[in-house]
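Working notes for the structure below.
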Amino acid sequence: MGTVYTTAKLWHFPEQLAALENGGLAPPVHIRLKPTNVCNHSCYFCAYRTDDVALGEDMNLQDRIPPAKMAEIVEDIIAMGVRAVTFSGGGEPLLYPTIVETVEALAAGGVRLAALTNASQLRGKRARAFADHATWVRVSIDGWDGPSYATYRGVDEGEFDKVINNLYKFSKLKSECLLGASIIVDERNAGHIAELARKLKESGVRHAKIAPCIVDNDGRANNAYHAGFAETVKEQIALARELDDDGFAIVDHYHSLAEKFDKPHTWCPSLQFLTVIGADCTVYSCQDKAYTAGGVLGSIADRRFSEMWFSQQNRQRLRALNPARDCRHHCVAEAKNRQLLEYLEADPEHLSFV
2 MGTVYTTAKL
12 WHFPEQLAAL
22 ENGGLAPPVH
32 IRLKPTNVCN
42 HSCYFCAYRT
52 DDVALGEDMN
62 LQDRIPPAKM
72 AEIVEDIIAM
82 GVRAVTFSGG
92 GEPLLYPTIV
102 ETVEALAAGG
112 VRLAALTNAS
122 QLRGKRARAF
132 ADHATWVRVS
142 IDGWDGPSYA
152 TYRGVDEGEF
162 DKVINNLYKF
172 SKLKSECLLG
182 ASIIVDERNA
192 GHIAELARKL
202 KESGVRHAKI
212 APCIVDNDGR
222 ANNAYHAGFA
232 ETVKEQIALA
242 RELDDDGFAI
252 VDHYHSLAEK
262 FDKPHTWCPS
272 LQFLTVIGAD
282 CTVYSCQDKA
292 YTAGGVLGSI
302 ADRRFSEMWF
312 SQQNRQRLRA
322 LNPARDCRHH
332 CVAEAKNRQL
342 LEYLEADPEH
352 LSFV
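In the numbering used here, the protein residues as written are 2 to 355.
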């Protein structure tokens, strides 16, 4: 298996790179599709629900894309040549009533699929659909046993074992789908990372990404929060790495955040590669600005996604979004933007001198 987490994916899409260079607009490569905001877990760290992070500040918890509208969106995604769709929250995407039909329709149209899920619904027809058609599925997890999981998520203590059992059964399905996990680290589970990683490996998970819980819009506040237990986390990651073998890997994304989220650039070229469709039938610039007024590109409640995407309004909005002014918060695309801007700003007279 090649490298899964890499910013170098950008260079494999010449249509989008050409659009950036000539001022045009190509379809997005990847769409984060949030079919529903309804969720059966209440995770304290959920960026869409905490008051300390701006993400999701305008989210209606009951929103979901009407099934007929979803079918229309699927048609447009296929016709536009979008390469991949990741189902995510908002809410728990596998709770969406026509998720199986949506997965099957997109797959039939040649679109690659993935899901970010709590895995509580990863069973039966839903599990079979993703096993048959998804490139990857990743479960977000925090608690390391029944009581801790219940405390984190406001669920019954038996929910942890159900989730682990769902992962185990999914891993036993005949499938090429890569099953991963994201361990969200805070002060409570910092000393249990290796224990949880072992349980995930035993359940059939192929890799576990370890990432810090984001508790504030301010990078300094996040770093101060994690400073008290960062050494424990490093020790636990080292222990977890002892589990690495040909079938399992630890991916260490636990690191300090930039103390300031200031951006030096006034343009976000990553918008050409990924966009977000929310459960409110609104298209957003990215996952870090989903369900916020500042992230709105346009509504598709009363028009098709393809019409909205290629509209003059969207072209203007994509160019008007100014990271130096509008994105003084955590940004998952920052490393990609730095690479893209360096590529676009290269002096053409000197390109041959590689």
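We treat Cβ as the ideally placed atom computed from N, Cα and C, and that holds for glycine.
If we call anything under 7 Å between Cβ atoms a contact, is residue i one with residue j?
i, j, result
"Val138", "Ala116", "yes"
"Asn218", "His330", "yes"
"Thr87", "Lys337", "no"
"Gln273", "Ala20", "yes"
"Phe161", "Tyr150", "yes"
"Tyr255", "Ile211", "yes"
"Asp245", "Ile251", "yes"
"Val186", "Val112", "no"
"Thr293", "Glu58", "yes"
"Leu95", "Arg124", "no"
"Cys332", "Asp289", "yes"
"Ala191", "Ala198", "no"
"Leu107", "Ile278", "no"
"Ser307", "Asp77", "yes"
"Ala120", "Val156", "no"
"Pro68", "Thr118", "no"
Look up residue i in the DSSP assignment and say whether it is helix, strand or coil.
i, result
"Thr293", "coil"
"Phe249", "strand"
"Thr4", "coil"
"Thr136", "strand"
"Tyr169", "helix"
"Thr152", "helix"
"Thr118", "strand"
"Ser141", "strand"
"Arg221", "helix"
"Arg329", "coil"
"His193", "helix"
"Arg320", "helix"
"His256", "coil"
"Arg305", "coil"
"His227", "helix"
"His13", "helix"
"His42", "coil"
"His351", "helix"
Does at least one heavy atom of the ligand HEM sit under 6 Å from the Cβ of residue i?
i, result
"Ile194", "Ligands in the displayed structure: none, and consequently the ligand HEM is not present."
Taking all protein chains shown into account, do 16 or more other C-beta atoms lie within 10 angstroms of the C-beta of residue i, making it buried, or fewer, making it exposed?
i, result
"Gln43", "Per the sequence shown, residue 43 should be read as Ser rather than Gln. So Ser43 ends up on the exposed side."
"Ser175", "One point to set straight first is that residue 175 is Lys, not Ser, in the sequence displayed. Label assigned to Lys175: exposed."
"Asp281", "buried"
"Arg326", "exposed"
"Gln313", "exposed"
"Gly296", "buried"
"Trp145", "buried"
"Ala80", "exposed"
"Leu201", "buried"
"Arg65", "buried"
"Gln317", "exposed"
"Pro148", "exposed"
"Pro265", "exposed"
"Ala27", "buried"
"Phe354", "exposed"
"Pro213", "buried"
"Thr103", "buried"
"Ala347", "exposed"
"Arg242", "exposed"
"Leu275", "buried"
"Gly3", "exposed"
"Trp310", "buried"
Check the C-beta distance from residue i over to residue j and give it rounded, since I have them as a contact under 8 Å.
i, j, result
"Gly92", "Asn38", "4 Å"
"Leu179", "Arg207", "6 Å"
"Arg84", "Val30", "5 Å"
"Ser356", "Leu322", "Nothing can be reported for residue 356: it is not among the residues displayed for the chain, which extend from 2 to 355."
"Glu22", "Leu345", "7 Å"
I'd like to confirm the pairing. Which residues does DSSP put opposite residue i in its beta bridges?
i, result
"Leu34", "Phe88, Ile278"
"Pro213", "Val186"
"Thr283", "Ser300"
"Leu179", "Trp137"
"Arg65", "Thr37"
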